[in-house]
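Enquirer: Dropping a structure here in structure tokens format, bear with me for questions.
4 protein chains.
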Amino acid sequence: MDEREILSVGRLVAFTDGVFAIAITLLVVNFDEPSGPDSELAHQLTDQWPALLAYFLSFAVIGRFWVVHHRVFAIVRRLDFALLGFNLVYLAFVVLIPFTTEVLGDYSDTTEAVVLYAAAIGGVATFNWLMIRHALTRDHIQPDRRFSAAPFAGTAALVNPGVFLASIPVGFVSPLAAELMWTALAIAWPLRRRRALAGVQRTPRQDASR
Amino acid sequence: MDEREILSVGRLVAFTDGVFAIAITLLVVNFDEPSGPDSELAHQLTDQWPALLAYFLSFAVIGRFWVVHHRVFAIVRRLDFALLGFNLVYLAFVVLIPFTTEVLGDYSDTTEAVVLYAAAIGGVATFNWLMIRHALTRDHIQPDRRFSAAPFAGTAALVNPGVFLASIPVGFVSPLAAELMWTALAIAWPLRRRRALAGVQRTPRQDASR
Amino acid sequence: MDEREILSVGRLVAFTDGVFAIAITLLVVNFDEPSGPDSELAHQLTDQWPALLAYFLSFAVIGRFWVVHHRVFAIVRRLDFALLGFNLVYLAFVVLIPFTTEVLGDYSDTTEAVVLYAAAIGGVATFNWLMIRHALTRDHIQPDRRFSAAPFAGTAALVNPGVFLASIPVGFVSPLAAELMWTALAIAWPLRRRRALAGVQRTPRQDASR
Amino acid sequence: MDEREILSVGRLVAFTDGVFAIAITLLVVNFDEPSGPDSELAHQLTDQWPALLAYFLSFAVIGRFWVVHHRVFAIVRRLDFALLGFNLVYLAFVVLIPFTTEVLGDYSDTTEAVVLYAAAIGGVATFNWLMIRHALTRDHIQPDRRFSAAPFAGTAALVNPGVFLASIPVGFVSPLAAELMWTALAIAWPLRRRRALAGVQRTPRQDASR
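Residue numbers (my numbering), protein chains in the order written: chain A, 1 to 210; chain B, 1001 to 1210; chain C, 2001 to 2210; chain D, 3001 to 3210.
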């Protein structure tokens, strides 16, 4: 039964990569095509500075989730319907990111844009956590590789969905404060990753058993 | 001749995944980019509530068809021109879904939007059934795996295209009644799936012969 | 050196499939999103009847070229830069099809739309022929499989680009006459394919040597 | 550990191919859909001549970068986080090309459009160089294949990002001069490639050691 299962994981991954590739490319619709005479072009382009910022932010966010998906599904050895389902709901939120990025780029200082953006990223982060948690508890991960996926479904990893979901009520009081919460998370992230990686590298290699 | 045939199925599947990934991602064009002053943003976003509903509905529908395609083509062992043709017509209807979803999101209480949506989904469901039927009758499925594909091309599976196609004339009388038919199908679906799966699990495993 | 070459063909094929999948899915932009009151919806949708026709025509055309690419590259055993180049120019014309389809759907009885459409399809057909010709003459095809690719680069296969390119001057006189030329080609095509296939099936199987 | 690493490179390549395929296909949004009466169609289409030129230019540029990526990653044997990161930033610039192409097509004689286009291509070229440089210095390339990747990260290869980045200040003085710099690069490129290839072919084959 092994081969068929590998094929299935392969196809899930291929489909997911397709959705990620399109979602990340659609971020470009974020920019408004200039129109009007040449003399207004400079003005119209420089006005899109917040959109460029939002573009690189969302590119980094989608890219980071893709890297996590990549790492975890490299060691998933089989699928069940629930895992397929989690992956689809997860993708449904990923696909919303280009739209919420566009709104954030155009209305960066409003509660609505901030809440919408936080809800989409929070949804991705939540289902990312649940999906990996499910794969671990249902034993869909290669036993000798569990340590590679565990950090993404542990208590510390709840910080990511936690900060985004917590920034929703904060955004109702102050959009700027919510954006600062995201920035803090982004700054803290490399530090946390370094620690997590150190943990992985301390683990003895067990590849021989594969 | 085996290897080349596997390659061919692999490429059909990769192409189909690409089309599915793009169609599911294009559902996001469903949302209208807000414009105008900040004060109107909340209003413009909350007005898109039916579009959000239509988005998740179509995401679930496309996702479900993708899962069925995934399951069936994992056990297809060879292609003929007719199967390629069925798959292309099937995809031609899948690709229409983002457009019909957009119209449904904007005009959810009209006969036209309901009929258009039912026709697109009905087309996908019909060709899904015909395609799997063809693969089974022409013996393109691995013999020891036929039980995995058979439920999708049996009489009971005609319920899916049947309900959607039947909702077209109903939609001319009452759009709401047609939408309720879809809802009933969605509610009944997990029950029917559970029964079908029970059937599969009762079947003895025959993988050793592979 | 074999493995690396197979990998390269695999990636060319994956990239090409991606472009085809997106081009075929973008055909849906062909349809104009309705706007305005509910009462005008029926009118706005039925007005798009020529666009629906153009959609299915282009879906069939792109699908057919994809099937040919699929068949030929399944037996390509190595690439050179010229083959990569032919494939890229070929794709540059494929990518134009959604746009030319849109123009044809909106302006179906004008010389401009017909000429534009014929030029794009003629470009695809021409480079399709040149690309397969190149693969055959430079010996990039598996020797025992040449008969599978040869019909697409023979004299008879020049009919496809020939008819489309010839319809360009015809379109300047009568757009309708050009469209009838395409229809005649589409009607004649299954007959020609049947004969070509008969030819292939007469050829003895030589797979054992692989 | 080998197999998992190959899988990872495979998935990076698949994702990258997806992004390239979509970016190259989105170039078609470059063309404005005609509107208005039939009599204005010819005028509206011929007015898009610079857009067609920009389309083929960008198709060639994206295609060329894809070929380089294809060649280099065929011999990458493992990934680290930095290489993933370089690849993502590189893709972030690739994705900008359809937008910058559109602006260049519409405003080809302005400083703004030329600078924007040069910045995007310059960014791709710079990160292309850095990424391959990193792969070589960190020993991620198959040792017996280094000569295949080395020309893309050597001093001579700095000409590509150099000319594009240098054309940014030039564009502020004269947009036309900047465009001529790109043309000169394009004309010189086949000559330089021939020399580089000659170098590769002089290198003795070492494939046996693989």
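Idealized CB from N, CA, C, for every residue including glycine. Quick caveat: nothing in here was measured; it's all calculated off a predicted structure.
#1: Which residues of chain C have a Cβ atom closer than 8 Å to the Cβ of residue 3022/D, listed in chain order?
#2: Determine, using beta carbons only, whether residue 3054/D and residue 3085/D come nearer to each other than 8 Å.
#3: For residue 1141/B, which three-state DSSP category applies?
#4: Assuming residue 107/A is part of the alpha helix (DSSP H), what are its boundary residues?
#5: Would you mind stating whether residue 2034/C and residue 2045/C have Cβ atoms separated by less than 8 Å?
#6: I need the straight-line Cα distance from residue 3124/D to residue 168/A, nearest angstrom please.
#7: Which ranges would you report for the alpha helix (DSSP H) in the stretch 3127–3192 of chain D if only whole runs of at least 4 residues count?
#8: Hey, would you say the C-beta of residue 64/A is under 7 Å away from at least one heavy atom of the ligand SAH?
#9: If distances are taken between C-alpha atoms only, which option among 3114/D, 3152/D, 3135/D, 3139/D comes closest to residue 3165/D?
#10: Can you pull the chain C neighbours of residue 1056/B, defined as C-beta to C-beta under 9 Å?
#11: Quick check: is the beta carbon of residue 2007/C nearer than 8 Å to any beta carbon in chain D?
#12: Counting contacts by CB-CB distance shorter than 8 Å, is residue 147/A in contact with chain B?
#13: Does residue 3138/D pass the burial test, meaning 16 or more other C-beta atoms within 10 Å, or should it be called exposed?
#14: In chain A, what lies closer than 7 Å to residue 3093/D by C-beta?
#15: Compare the C-beta of residue 3112/D against all C-beta atoms of chain C and say whether one is closer than 8 Å.
#16: Within a Cβ cutoff of 6 Å, which residues of the same chain sit near residue 1014/B, ignoring the five residues on either side of it in sequence?
#17: Find the residues of chain D that neighbour residue 2169/C, judging by a C-beta separation of less than 8 Å, and give them in chain order.
#18: Assign residue 1187/B to buried or exposed, taking buried as 16 or more other Cβ atoms, counted over all protein chains shown, within 10 Å of its Cβ.
#19: Just confirm the distance between the C-beta atoms of residue 2019/C and residue 2068/C, as a whole number of angstroms; I'd bet it's less than 8 Å.
#20: Compile a chain-ordered list of the residues in the stretch 35–48 of chain A whose CB is closer than 7 Å to at least one CB of chain D.
#21: Pairing CB atoms from the stretch 3023–3031 of chain D with CB atoms from the stretch 3072–3081 of chain D, are three or more of them under 8 Å?
#22: Quick one: Cα of residue 2001/C to Cα of residue 3031/D, how far?
#23: Just to confirm, are residue 2116/C and residue 2100/C a CB contact at a threshold of 8 Å?
#24: Would you mind reading off the limits of the alpha helix (DSSP H) that contains residue 1048/B?
#25: With respect to the alpha helix (DSSP H) encompassing residue 3008/D, which residues constitute its N-terminal and C-terminal limits?
#26: Quick one: list the residues of chain C neighbouring residue 1102/B, beta-carbon separation under 8 Å, in chain order.
#27: Does residue 98/A have its Cβ less than 8 Å from a Cβ in chain B?
#28: So with CB distances below 7 Å, who are the chain A contacts of residue 3014/D?
#29: Do you know offhand how far residue 3082/D's Cα is from residue 1097/B's?
#30: Output yes or no for whether 8 Å exceeds the beta carbon distance between residue 1059/B and residue 1009/B.
#31: Would you say the stretch 2150–2160 of chain C touches the stretch 2125–2136 of chain C, given that touching needs at least three Cβ pairs under 8 Å?
#32: Give a yes or no on whether the minimum CB-CB distance between residue 1063/B and chain A is below 8 Å.
#33: Check this for me: beta carbons of residue 110/A and residue 1041/B, under 8 Å apart or not?
#34: Step through the CB atoms of chain C and report whether any lies within less than 8 Å of the CB of residue 1053/B.
#35: For residue 3177/D, collect the residues of the same chain with a Cβ closer than 6 Å to its Cβ; drop the 5 residues on either side in sequence, then sort them by chain order.
#36: Could you work out which residue in 3043/D, 3140/D, 3135/D, 3012/D is closest to residue 3153/D when comparing CA atoms only?
Expert: On the basis of the supplied data:
#1: One-based indexing of the fourth sequence puts residue 3022/D at position 22. Residues of chain C passing the Cβ test: 2018, 2022.
#2: As a working mapping, residue 3054/D is identified with position 54 in the fourth sequence. As a working mapping, residue 3085/D is identified with position 85 in the fourth sequence. No, Cβ-Cβ distance for residue 3054/D and residue 3085/D is not below 8 Å.
#3: For the purposes of this step, residue 1141/B is taken as residue 141 along the second sequence, with counting starting at 1. DSSP places residue 1141/B in strand when its eight states are reduced to three.
#4: Position 107 of the first sequence, counting from 1, holds the residue named residue 107/A. If you look at residue 107/A, you'll find it isn't in any alpha helix (DSSP H); DSSP assigns it neither H nor E.
#5: As a working mapping, residue 2034/C is identified with position 34 in the third sequence. As a working mapping, residue 2045/C is identified with position 45 in the third sequence. The answer is yes: Cβ separation under 8 Å.
#6: As a first step, residue 3124/D must be located in the fourth sequence, where it is residue number 124. As a first step, residue 168/A must be located in the first sequence, where it is residue number 168. For residue 3124/D and residue 168/A, the distance between alpha carbons rounds to 36 Å.
#7: List check, alpha helix (DSSP H) in window: 3146–3149, 3159–3173.
#8: Ligands in the displayed structure: none, and consequently the ligand SAH is not present.
#9: As a working mapping, residue 3165/D is identified with position 165 in the fourth sequence. Checking every option, the nearest Cα to that of residue 3165/D belongs to 3114/D.
#10: Counted from its first residue, the second sequence places residue 1056/B at position 56. Within chain C, no residue comes near residue 1056/B; the closest Cβ sits about 20 Å away, beyond 9 Å.
#11: Working through the third sequence from its first residue, we reach residue 2007/C at position 7. Reliability fails at residue 2007/C, whose pLDDT of 49 lies under 50, so the model's placement of it is uncertain and no value is given.
#12: The sequence position of residue 147/A within the first sequence is 147, counting from 1. Not flagged as an interface residue toward chain B: residue 147/A, since no C-beta distance is shorter than 8 Å.
#13: What you label residue 3138/D is simply residue 138 of the fourth sequence in a count that begins at 1. Around the beta carbon of residue 3138/D, a 10 Å sphere encloses fewer than 16 other beta carbons of the protein chains shown; the residue is thus reported as exposed.
#14: Within the fourth sequence, the letter at position 93 stands for residue 3093/D. Going along chain A, no residue has its Cβ under 7 Å from residue 3093/D, so there is no contact; the nearest lies around 10 Å.
#15: Position 112 of the fourth sequence, counting from 1, holds the residue named residue 3112/D. Under the Cβ distance rule, residue 3112/D does not count among the residues neighbouring chain C, no pair being separated by less than 8 Å.
#16: Indexing the second sequence from 1 puts residue 1014/B at position 14. Closer than 6 Å at the Cβ level, and outside the excluded window around residue 1014/B, lies no residue.
#17: The sequence position of residue 2169/C within the third sequence is 169, counting from 1. Against chain D, a Cβ distance below 8 Å from residue 2169/C picks out nothing, because the smallest value is about 16 Å.
#18: Here residue 1187/B is taken as the residue at index 187 of the second sequence, counted from 1. Exposed.
#19: Residue mapping note: residue 2019/C aligns to position 19 of the third sequence, counting from 1. Residue mapping note: residue 2068/C aligns to position 68 of the third sequence, counting from 1. Incorrect: roughly 15 Å between the Cβ atoms, too far for contact.
#20: So the close ones are 38, 41, 42, 45.
#21: At 8 Å Cβ cutoff, the stretches do not touch.
#22: Sequence index remark: in the third sequence, residue 2001/C carries index 1 (1-based). Sequence index remark: in the fourth sequence, residue 3031/D carries index 31 (1-based). Legend: pLDDT at residue 2001/C = 37, less than 50; position of this residue unreliable, no value from coordinates given.
#23: To locate residue 2116/C, count along the third sequence from 1; it is residue 116. To locate residue 2100/C, count along the third sequence from 1; it is residue 100. In contact: residue 2116/C and residue 2100/C (Cβ atoms closer than 8 Å).
#24: In the second sequence, residue 1048/B corresponds to position 48, counting from 1. Annotation for residue 1048/B: no alpha helix (DSSP H) segment contains it, and DSSP assigns it neither H nor E.
#25: Translated into positions along the fourth sequence, residue 3008/D becomes position 8. Boundaries of the alpha helix (DSSP H) harbouring residue 3008/D: 3002–3026, taken from the DSSP string.
#26: Here the question's residue 1102/B lines up with position 102 in the second sequence. Contact of residue 1102/B with chain C by beta-carbon distance below 8 Å involves 2033.
#27: Reading the first sequence from its first residue, position 98 is the one you call residue 98/A. Proximity of residue 98/A to chain B, defined by a Cβ-Cβ separation below 8 Å, is satisfied.
#28: On the fourth sequence, position 14 is the one that residue 3014/D refers to. Chain A residues near residue 3014/D: 14, 17.
#29: In the fourth sequence, the residue the question calls residue 3082/D occupies position 82. In the second sequence, the residue the question calls residue 1097/B occupies position 97. A straight line joining the alpha-carbon of residue 3082/D with that of residue 1097/B spans about 39 Å.
#30: Along the second sequence, one-based indexing puts residue 1059/B at 59. Along the second sequence, one-based indexing puts residue 1009/B at 9. Taking 8 Å as the cut-off, the Cβ atoms of residue 1059/B and residue 1009/B do not count as close.
#31: Verdict: yes, contact present.
#32: Taking the second sequence and counting its residues from 1, one reaches residue 1063/B at position 63. Taking Cβ atoms only, chain A reaches closer than 8 Å to residue 1063/B, which makes this a yes.
#33: Taking the first sequence and counting its residues from 1, one reaches residue 110/A at position 110. Taking the second sequence and counting its residues from 1, one reaches residue 1041/B at position 41. With respect to the 8 Å criterion, residue 110/A and residue 1041/B are classified as neighbours on the basis of their beta carbons.
#34: In the second sequence, residue 1053/B corresponds to position 53, counting from 1. For residue 1053/B, the answer is no, since every Cβ of chain C falls outside 8 Å of its Cβ.
#35: Reading the fourth sequence from its first residue, position 177 is the one you call residue 3177/D. Scanning its chain for C-beta atoms nearer than 6 Å, with the 5 sequence neighbours on each side dropped, one finds around residue 3177/D the residues 3170, in chain order.
#36: Mapped onto the fourth sequence, residue 3153/D falls at position 153. Proximity to residue 3153/D across 3043/D, 3140/D, 3135/D, 3012/D peaks at 3135/D, based on C-alpha coordinates.
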